[in-house]
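A.B. asks:
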RNA sequence: GGCCCUUUCGUCUAACGGUUAGGACAGUUCCCUCUCACGGAACAAAUACGGGUUCGAUUCCCGUAGGGGUCACCA
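In the working numbering, the protein residues as written are 8 to 459.
Structure follows, in structure tokens:
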């Protein structure tokens, strides 16, 4: 019986890694695994690296390699080092050959899997067929009978290693101490341990995190559920929120606080509070996290992020963007929603001129046109004394609210708001007036009054 | 199907033998209010089932049922 021993934390510096394959967009689950590896390494003063697992030449694409680097950068989970599996091919060949030379593996002539008319030579491991037991930090002791694995294939040829072999060699050479990965890899672990043992590497500590599930409780998929990081980025989710949400999917620090920064997560994370069961991905809750993080941004930061988002999506950046930032922060849960508000003309009142319909002026005012006209003139009179400096939402409200309350707010505030925005829905009239300035405010009110 | 993992409100979760089973998202209602948002308050909603162990089980043990993962010359 084999059993894994925990390396002494005193003698071993923690080394973790994340190993995505360049076969498509990066999965949100990969980001989560990267996050846990990153956090675990940082909180233990260790290192964390990214290795692109590019052993499958058929399915790999260079474009995806670049996309992966870009995604890691965007997520702000920068690795201490990064490389590709293919860079270590010589080392793989060396160990593959030594395994065959020592008769621990052998070359097997057999019909090709996808084309039985052809014969190929693959490398198979001589499987001792023992029980393999390892300790999973999250699930405890797990035992597998590896005899049912048979003499599994470890390379397509002496110069073409397969995933399990390459992973074991690379992790061993890199001194990976902790393999933190998703639950789907539990059943891969025994065959990797078999290879670790036969190659004489030290076994790492394992921790298999619960899966991220779709609403139907199946594994969240990029194809079926749009679970690529690219997809969320395009919707205007920000990395701070994604990281916060992902960290809390399957783990929590115990209190009732839910909003955390990466630094806080590094301080608080503890692997023994990680759940065992899969967690359903809820985009509504992600949106809430996103909104909360967006609201915490300074106006300057928010403007910068939104500007970048708009530019990336080929949308024009209004010159008044900074002025309406507070409104946008309040209204949009994602940068995508903010962009949509802009696109749909929600802030068209900021443009030099607006379209105004007399009918709308009366619609919600609960009074007649004559009264409205009178109120608009009164509003103009009340605002006239205010200097440009004093033309703030608070001062404007102070000037108008008593009058509005006296004669009926709906009769004053609705027409004023419509006069300034031309719209049925908008921010309140005081904010509106402050935003567009005294001159335009008075001009629009006068114009509206003339329409009645 | 074999093997492995897993099970608290619709969802994410708290409670490490004793709580009116707590919070958050979503939902509903109300308040704020000139509209839309924001904000505030309240309501509704869960321990899969059956046995044990125990004075006492969400919590420990064993079954059953459900869910998931994995069974490649992919990673």
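Every residue, glycine too, gets a C-beta built ideally from N, C-alpha and C.
1. So residue 98 and residue 176 are supposed to be a Cβ contact under 8 angstroms. How far apart are they, rounded?
2. Is the region 312-329 close to the region 339-349, with three or more CB pairs under 8 angstroms?
3. Determine the direct distance from the alpha carbon of residue 184 to that of residue 211, and round the result to whole angstroms.
4. What is the rounded straight-line gap between the Cα of residue 79 and the Cα of residue 365?
5. Tell me the rounded alpha-carbon separation between residue 317 and residue 83.
6. For residue 151 and residue 160, what's the separation of their Cα atoms in angstroms?
7. Quick check: the Cα distance between residue 146 and residue 277, rounded to an integer number of angstroms?
8. Work out the CA separation of residue 172 and residue 197 for me, nearest whole Å.
9. Using the Cα positions of residue 56 and residue 22, report the straight-line distance between them to the nearest angstrom.
10. Do you know how far the Cα of residue 436 is from the Cα of residue 357?
11. When the Cα of residue 61 is compared with those of 44, 112 and 90, which residue comes out closest?
12. Exposed or buried, residue 157, counting other C-beta atoms within 10 Å across all chains shown (16 or more means buried)?
13. According to the neighbour-count rule (16 or more other Cβ atoms, all chains shown, within 10 Å of its Cβ), is residue 426 buried or exposed?
14. To the nearest angstrom, how far is the alpha carbon of residue 27 from that of residue 362?
15. Which of the three DSSP states is assigned to residue 118 in this structure?
16. What number of angstroms, rounded off, separates the C-alpha of residue 154 from the C-alpha of residue 133?
17. So the candidates are 412, 36, 31 and 179; which of them puts its Cα closest to the Cα of residue 63?
18. Spatial neighbours of residue 401 within its chain, please: CB distance less than 8 angstroms, with the 5 preceding and 5 following residues excluded, ordered by chain position.
19. Please confirm if the region 184-193 is in contact with the region 216-223, defined as three or more CB-CB distances below 8 angstroms between the two stretches.
20. Could you check whether residue 41 and residue 25 sit closer than 7 angstroms to each other, using their CB atoms as the reference points?
21. So, at 8 angstroms on beta carbons, what are the nonlocal neighbours of residue 330 in its own chain, with the 5 sequence-adjacent residues on each side left out?
22. Count the other CB atoms within 10 Å of the CB of residue 215; is the residue buried (16 or more) or exposed (fewer)?
23. Excluding sequence positions up to five away, which residues of its chain have a Cβ less than 6 angstroms from the Cβ of residue 139?
24. Quick check on DSSP: helix, strand or coil for residue 91?
25. Might you give, ordered along the chain, the residues of its own chain that have their beta carbon closer than 8 angstroms to the beta carbon of residue 275, omitting 5 neighbours on each side?
26. Look at the alpha carbon of residue 271 and the alpha carbon of residue 305, and state the distance between them as a whole number of angstroms.
27. Any idea which residues DSSP pairs residue 164 with across the strands?
28. Does the distance from the CB of residue 253 to the CB of residue 39 come in under 7 angstroms?
29. On the CB-based measure, 16 or more other CB atoms within 10 Å of its CB, does residue 129 come out buried or exposed?
30. Give the single residue among 228, 65, 59 and 66 whose Cα lies nearest to the Cα of residue 75.
31. Relative to the alpha-carbon of residue 434, which residue among 410, 337 and 111 has its alpha-carbon at the smallest distance?
32. Which residue wins for smallest C-alpha separation from residue 375, given the options 207, 178 and 459?
33. Give me the Cα-Cα distance between residue 233 and residue 34, rounded to the nearest whole angstrom.
34. Here's the rule I'm using: 16 or more other beta-carbon atoms within 10 Å means buried, otherwise exposed. How should residue 452 be labelled?
35. Residue 339 to residue 299, Cα distance in whole Å?
36. Would DSSP call residue 158 helix, strand or coil?
C.D. replies: To lay it out plainly:
1. 6 angstroms
2. yes
3. 5 angstroms
4. 53 angstroms
5. 20 angstroms
6. 18 angstroms
7. 14 angstroms
8. 13 angstroms
9. 8 angstroms
10. 13 angstroms
11. 90
12. exposed
13. buried
14. 53 angstroms
15. strand
16. 11 angstroms
17. 31
18. 437
19. yes
20. yes
21. 357 and 442
22. buried
23. 9, 151, 153, 197 and 200
24. strand
25. 260 and 267
26. 20 angstroms
27. 167
28. yes
29. buried
30. 59
31. 337
32. 459
33. 9 angstroms
34. buried
35. 10 angstroms
36. coil
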